[in-house]
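The next block holds one structure in the form of structure tokens; read it before the comments.
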Amino acid sequence: MHRRDVEALDPCKAHWAVAVEAPDRDWVAAPGCRSHARFLVDGETKAPSRESFALFESRAQCLAWIMANRRELSEHMPGATIHPVSLASWLLGLA
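Just so you know, we're using the working numbering here: the sequence shown kicks off at 551 and counts up by one.
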């Protein structure tokens, strides 16, 4: 999903995404970022992104995807904690 398409989502449904927080300033996965910068994870590149992200219908599906791709995720985003978030909460800065 692309950030520009968020408004087209059904607001009555819960949507889940994979989030990551930069462990340090100028993190190797996001050069130039500040420490603790928040990103969603692109489903294709398995890397932090400000534009596109993987979207899931449930927390369980999101967790299953994280587990299935954990090796690639940790290679692309070393040192970061990767976790599922409610998309609405993340967009509001609550997650």
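Just so it is clear, CB atoms sit at the ideal spot from N, CA and C, and this is done for glycine as well. Predicted model only: the values in this text are computed from it and were never measured.
In the displayed model, L559 falls within coil according to three-state DSSP, outside both helix and strand. Per DSSP, the continuous alpha helix (DSSP H) segment holding W640 begins and ends at 637 to 641. In the displayed model, H626 falls within a helix according to three-state DSSP. Comparing alpha-carbon positions, the option among V570, V568, S585 lying closest to D576 turns out to be S585. When the five nearest sequence neighbours on each side are left out, the beta carbons in the same chain lying within less than 8 Å of the beta carbon of A645 are those of A569, V635, S636, S639, in order along the chain.
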